[in-house]
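Data first, discussion second: the structure below is written as structure tokens.
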Amino acid sequence: MNITKIKIKNLFGISEYEADGSSVELAGKNGAGKTSVIDAIRYALTNKSDRKYIVRRGETEGEILIETDNGLRINRKARTTQADYKSVKKDGREVGSPESFLRDIFTTLQLNPVEFIGLPEKQQNAIILDMIEYPWDMQKIKEWFGEIPSWVDYDQNILAVLNDIQSENGEYFQKRQDINREVRNKRAFIEEIARTIPSGYEAEKWEKASAGPVYQKIERIRRENEEIQKAKSLLESRDNKVRKFEADREIAKTSLLREIGHRRTQIENEISRMEDQIRNLKLEKASLSEKMQDKLAVIEKEYEVSVTKYDAEVEAYAEYRDKELQSTKELEEEAAMIESMKAHINEFRRMQILQMDVESLKEESDLLTERIEKARTLPGEILETAKIPIAGLTIKDGIPLINGLPVSNLSDGEKLDLCIDVAIQKPNGLQIILIDGVEKLSTPVREALYKKCKDKGLQFIATRTTDDEDLTVITL
Ligand SMILES: Nc1ncnc2c1ncn2[C@@H]1O[C@H](COP(=O)(O)OP(=O)(O)OP(=O)(O)O)[C@@H](O)[C@H]1O
Ligand SMILES: [Mg+2]
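Under my numbering, the first residue of the sequence shown carries the number 2, and numbering increases by one thereafter.
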């Protein structure tokens, strides 16, 4: 909407001023009343003034009237002796909540765009980001991230919100850092365990394996080997044993012969001496050879019994005699291997649990990466589809750049240019810009500024302190 009429009476330093919708430069010396015009319009729109006295000194009532091409009529009267008067009409009818109605049709920067330059950069950035129209709500955040990140201030522009979400100070980033550290530690631990475990380790197999039956086999073989050894040594010693038995026989024979001879001599001696006893002794003598035969038979018998008994023992081990001694070396190695494999089970299981931990941590970290990446790529997507009212605006790390530079890097002229863009944020609002004190700008910058306003179809009222005696209105 455009202003078609401005009428000021007895406000600030002005007694009377009238204008239409054209853009003008108010020129004149200090105190000529230039700023008073702007202040009067500001007062009409905001019902406020930085100046304490609104009514012109000496008067009791000051008045401003603004009319637009779409039927808006703002009429304010400041009074010293009674309450102020206000009338905001649209198509001849008073609007409800006039002050908030007015607040909606302009931005404060329109009334003083140069003020933008003086704002802290953070505020400037916030204002620029706010100009990017992109519809979003908490539901959208939930759709994007599967949840609503709790550490983020949602009372800001979507680009600033996204920047906070992916920020290195944000919980996603911090949490992912913690998880990745834990993954690294666990992996190092797994490697440490893996070094102690044989390659291709089959945990299931070794968990079930038992060395018991192998030991039983070893014991059986050991016992059989003992029997085999006994059999072999019995057979080997037989000749020696028989020889010993022969020797025993010879010794016994010799001793018997000697004993008998001796006794015979004794008896013969006694026969001669004891004739009385001859019959008895003869009898005894007659029985002596028989006695000897009996004893010889006993000796022979003993010999035979010994040999037979030994041979029987040899025969008892006959089944082992021809067998070869078996080795238990392989079985012992097998048992030892089972034992050593079983010893790895606990560490192996621990390693498996750690590996599972790492897998789930990795998944968690990947999800965070996905969300961080989402927050990083969304601004690009948003800027592609959003309505961006400023030429050359890009966003990097949540900060707006104009032609690749942050606001603080722009020249004063470039900043002013930006001010105009920023000031006119309401395309359907009041298309007016008030610029107080353009004498601070160089001629080319000032002219470029006027041109920009014109190109954008904005009505502007600029003031310039000159040496002109009276207030001069230059229509541009
Ligand atoms: N309420 C008021 N009643 C009477 N005179 C006032 C009132 N308010 C301001 N003035 C005077 O009106 C004159 C015009 O002030 P204004 O601020 O409009 O000047 P200016 O043209 O903007 O000057 P400058 O070039 O120095 O900025 C000044 O002399 C000022 O002291
Ligand atoms: Mg002034």
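The C-beta atom is built at its ideal place from N, Cα and C for all residues, glycine as well.
Considering only C-alpha positions, which residue in the set the options is nearest to residue i?
i, options, result
"residue 128", "157, 179, 368 and 224", "157"
"residue 202", "343, 106, 51 and 288", "343"
"residue 208", "350, 171, 434 and 196", "350"
"residue 212", "268, 79 and 331", "331"
"residue 325", "117, 230, 65 and 46", "230"
"residue 247", "54, 302 and 319", "302"
"residue 162", "177, 138, 316 and 105", "138"
"residue 481", "37, 31 and 33", "Nothing can be reported for residue 481: it is not among the residues displayed for the chain, which extend from 2 to 477."
"residue 459", "385, 54 and 111", "111"
"residue 461", "431, 468 and 469", "431"
"residue 263", "455, 477, 286 and 428", "286"
"residue 116", "421, 444 and 233", "421"
"residue 118", "283, 261, 418 and 133", "418"
"residue 236", "322, 154 and 173", "322"
"residue 426", "109, 98, 340 and 103", "109"
"residue 352", "187, 252, 180 and 86", "187"
"residue 12", "25, 76, 29 and 5", "76"
"residue 107", "476, 95, 58 and 428", "428"
What residues match up with residue i in a beta bridge as DSSP calls it?
i, result
"residue 318", "According to DSSP, residue 318 bridges with nothing at all."
"residue 20", "7"
"residue 76", "66 and 88"
"residue 12", "15 and 56"
"residue 335", "Answer is none; residue 335 lacks a bridge partner."
"residue 486", "This structure does not reach residue 486, given that the chain is present from 2 up to 477, and the question cannot be answered."
"residue 300", "Residue 300 is not bridged to any residue."
"residue 433", "460"
Would you verify that the beta carbon of residue i is, or is not, closer than 8 angstroms to some beta carbon of chain B?
i, result
"residue 380", "Chain labels in this structure do not include chain B; a single protein chain is all it has."
For a minimum of 4 consecutive residues, which ranges assigned as the alpha helix (DSSP H) are wholly contained in the segment 359-426? 413-424, all fully within the segment 359-426.
Residue ranges of each alpha helix (DSSP H) within the segment 131-172, 4 or longer: Qualifying alpha helix (DSSP H) stretches, in chain order: 139-146 and 159-167.
Touching or not, the segment 215-225 and the segment 349-368, by the rule of three or more beta carbon pairs under 8 angstroms? The segment 215-225, when compared against the segment 349-368, does not touch it at the 8 angstroms Cβ threshold.
Is it the case that the segment 152-166 contacts the segment 370-384, given that we only count it when at least three CB pairs across the two stretches are under 8 angstroms? As far as the Cβ criterion goes, the segment 370-384 touches the segment 152-166, which means the pair count is three or higher.
At a cut of 8 angstroms, does the segment 404-412 reach the segment 113-125 through at least three beta carbon pairs? With a cut-off of 8 angstroms on Cβ pairs, the segment 404-412 is in contact with the segment 113-125, counting three or more such pairs.
Report all residues for which the CB-ligand distance to some heavy atom of ligand 1 is below 5 angstroms; order them along the chain. A residue is listed when its beta-carbon falls short of 5 angstroms from at least one non-hydrogen atom of ligand 1; in chain order these are 13, 14, 31, 32, 33, 34, 35, 36, 37, 54, 57, 58 and 466.
Which residue spans inside the segment 19-59 form an unbroken alpha helix (DSSP H) run of at least 4? Taking only runs of at least 4 residues, the alpha helix (DSSP H) segments lying wholly in the segment 19-59 are 35-47.
Does the segment 393-407 come close enough to the segment 72-80 that 3 or more CB-CB pairs lie under 8 angstroms? Touching, no, given that fewer than three Cβ pairs across the two stretches are closer than 8 angstroms.
Beta strand (DSSP E) segments (min. 3 residues) lying fully within the segment 215-284: Uninterrupted beta strand (DSSP E) stretches at least 3 residues long and entirely within the segment 215-284 do not occur.
Within 8 angstroms, do at least three Cβ pairs link the segment 421-441 to the segment 36-46? Yes, the segment 36-46 touches the segment 421-441.
May I have a chain-ordered list of the alpha helix (DSSP H) segments no shorter than 4 residues that lie completely inside the segment 436-477? For the segment 436-477, the full-length alpha helix (DSSP H) segments reaching 4 residues or more read 444-456 along the chain.
Could you say if the segment 274-282 and the segment 256-263 meet the contact criterion of at least three C-beta pairs nearer than 8 angstroms? Contact check between the segment 274-282 and the segment 256-263: fewer than three CB pairs, one atom from each, fall below 8 angstroms, which does not count as touching.
For the segment 446-458 and the segment 79-92, state whether three or more C-beta atom pairs, one from each stretch, are separated by less than 8 angstroms. They do not touch, by the three-pair rule.
Is it the case that the segment 138-153 contacts the segment 169-181, given that we only count it when at least three CB pairs across the two stretches are under 8 angstroms? Put simply, the segment 169-181 touches the segment 138-153. At least three CB pairs are less than 8 angstroms apart.
For a minimum of 4 consecutive residues, which ranges assigned as the alpha helix (DSSP H) are wholly contained in the segment 185-213? Segments of the alpha helix (DSSP H) lying fully in the segment 185-213: 204-209.
Could you say if the segment 382-396 and the segment 178-196 meet the contact criterion of at least three C-beta pairs nearer than 8 angstroms? They do not touch, by the three-pair rule.
Stretch pair the segment 12-21 + the segment 50-58: three plus CB contacts closer than 8 angstroms: Yes, the segment 12-21 is in contact with the segment 50-58.
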